[in-house]
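Scroll down for the structure; my scribbles are underneath it.
Residue numbers (the numbering used here): 73 to 188.
Here is the structure:
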């Protein structure tokens with residue numbers, strides 16, 4: 073059994089979640105934030121049988137896209153205290169960051185309904 077943790081861009085999360093659930097995967101969605109661009113991401117937690125991991129990674133690749141963004145780095149301050157805004161820098165964002173961990177035990181607990 074494996075635990076797949078996939079960090080994806082918000083723009084890609086909806087269609088990816090639909091594709092994964094259509095293939096029978098149970099997915100937990102958590103909002104997260106990246107450190108470099110300080111933008112919102114989505115982290116997906118998925119427990120999967122070992123044989124299902126490779127097809128799942130293909131599905132993630134099919135639905136997570138790389139995008140080009142222009143960001144302004146932190147501005148340098150001149151000795152005189154004047155502000156010189158730096159030129160925007162092109163960076164690639166998106167795709168997915170995926171962690172595949174061995175899961176020693178996965179349990180799904182279902183409680184009985186409480187009768188009034």
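Every residue, glycine too, gets a C-beta built ideally from N, C-alpha and C.
Q | Rounded C-alpha distance that separates residue 138 from residue 166 | A | To locate residue 138, count along the chain shown from 1; it is residue 66. To locate residue 166, count along the chain shown from 1; it is residue 94. Near 4 Å, if we compare the C-alpha coordinates of residue 166 and residue 138.
Q | beta strand (DSSP E) segments (min. 3 residues) lying fully within the stretch 74–136 | A | 74–81, 99–105 and 112–120
Q.
If you measure between the beta carbons of residue 95 and residue 73, is that distance less than 9 Å?
A. Counting from 1 along the chain shown, the entry for residue 95 is found at position 23. Counting from 1 along the chain shown, the entry for residue 73 is found at position 1. In this structure, residue 73 does not lie closer than 9 Å to residue 95 by Cβ.
Q) Is residue 80 closer than 9 Å to residue 116 when the C-beta atoms are compared? A) For this step, residue 116 is matched to residue 44 along the chain shown. For this step, residue 80 is matched to residue 8 along the chain shown. In this structure, residue 80 lies closer than 9 Å to residue 116 by Cβ.
Q. DSSP state of residue 164, grouped into three classes?
A. Taking the first residue of the chain shown as position 1, residue 164 is located at position 92. Note: residue 164 maps to strand in three-state DSSP.
Q.
Beta-carbon within less than 8 Å of residue 97's beta-carbon, same chain only, minus the 5 sequence neighbours each way: which residues are those?
A. Position 25 of the chain shown, counting from 1, holds the residue named residue 97. So the list reads 118, 120, 124 and 128, once near-sequence residues are dropped.
Q. What do you get for residue 76, buried or exposed, if any count of 16 or more other CB atoms within 10 angstroms of its CB means buried?
A. Looking up residue 76 in the chain shown gives position 4. Residue 76 is buried by the Cβ-count criterion.
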